[in-house]
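Residue numbers for the sequence shown follow this note's numbering, so the first one is -6 and each next one is one higher.
Quick reminder that beta carbons are idealized off the backbone N, C-alpha and C, glycines included.
In what follows, a structure is listed as structure tokens, so that the remarks can point back to it.
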Amino acid sequence: MPKAVALLVAAGSGERLGASRPKAFVMLAGRPMLEWSVAALRAAGLSEIVVALPEGEPAPDGCAGVPGGATRSASVRAALAAAGEGDVVVHDAARPLVEPALFTAALAALEGADAAVAAAQATDTIKEAGPDHRVTATLDRSRLWAIQTPQAFRRSSLERALDVGDDVLAQATDDAWLVERAGGSVVVVPSTPANFKVTTPHDLTVAELLLSSRSSG
Ligand code: CTP
Ligand code: MG
């Protein structure tokens, strides 16, 4: 695998989780949530890790830390500015269940694209509805993917994509969209719903159950 750097975004406050500290630092099956992602990155051979941090929280041992930005993509941009050479893997600290092989698969998929994003194929039927809840379309499920992290990028593509105003960064719900709008090519890397994002207290309970059985088994 060519040299790659990892950016772990952990600077969010976790408003929807509603814990007393920033989400990435909430204890989860015996360690702060972000440590699960750090361990998975290292298991995949990614040892250079830059973490975008909320105010007042320390970087995990062996990782570089930078202050996060006002939005998720601003945090990615801040972390990228502090990272050494190589292609880039961006991961949400809020996805602690990630398996090391997914990082490797995303980087390998860069062979034919500017960006490669982990994604789970839609299993529910997805409909589009207006503000009045009236359905306007039923989408073709076989072509729909729920996008996750990790997201791997060719370094130059990500740098170019992030070189936009803060208003554009604020619209981005993932970094691959910024690459798409800059004309870059993005491929999906099949993942599963097991790599879910911890957003609500319910998600935290499920992650706790899954990760505690992992560490004891
Ligand atoms: N994130 C970040 N910088 C921000 C906002 C988010 O680094 N300004 C990170 C979060 O720490 C998280 C990931 O981006 O790991 C995904 O964001 P999300 O799940 O929305 O986390 P929060 O923004 O913390 O949660 P909420 O939206 O509920 O406040
Ligand atoms: Mg958020």
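| said: Quick check: is any heavy atom of the ligand MG less than 7 Å from the C-beta of Ser62? | reply: For the record, residue 62 in the displayed sequence is Gly; it is not Ser. Checking the 7 Å criterion, the Cβ of Gly62 is out of range of every heavy atom belonging to the ligand MG.
| query | Helix, strand or coil: which one does DSSP assign to Arg35? | reply | Arg35 falls in the helix class under three-state DSSP.
| query | Going by the beta-carbon positions, is the gap between Ala71 and Val59 smaller than 8 Å? | reply | yes
| Cβ of Arg65 within 7 Å of any heavy atom in the ligand MG? | yes
| task | Give me the Cα-Cα distance between Arg24 and Ala102, rounded to the nearest whole angstrom. | result | Those two C-alpha atoms are separated by around 31 Å.
| query | In this structure, does DSSP put Gly55 in helix, strand or coil? | reply | coil
| request: Buried or exposed for Ser30, please, with buried defined as at least 16 other CB atoms from any protein chain shown within 10 angstroms of its CB. | output: buried
| request: Go ahead and pull the three-state DSSP assignment for Val2. | output: strand
| If you drop the 5 nearest sequence neighbours on each side, which residues of the same chain put their C-beta closer than 7 Å to that of Ala75? | Excluding sequence neighbours, Ala75 sits near Val43, Ala57, Val59.
| CB of Gly5 to nearest heavy atom of the ligand MG: below 7 Å? | Yes - the ligand MG has a heavy atom lying nearer than 7 Å to the Cβ of Gly5.
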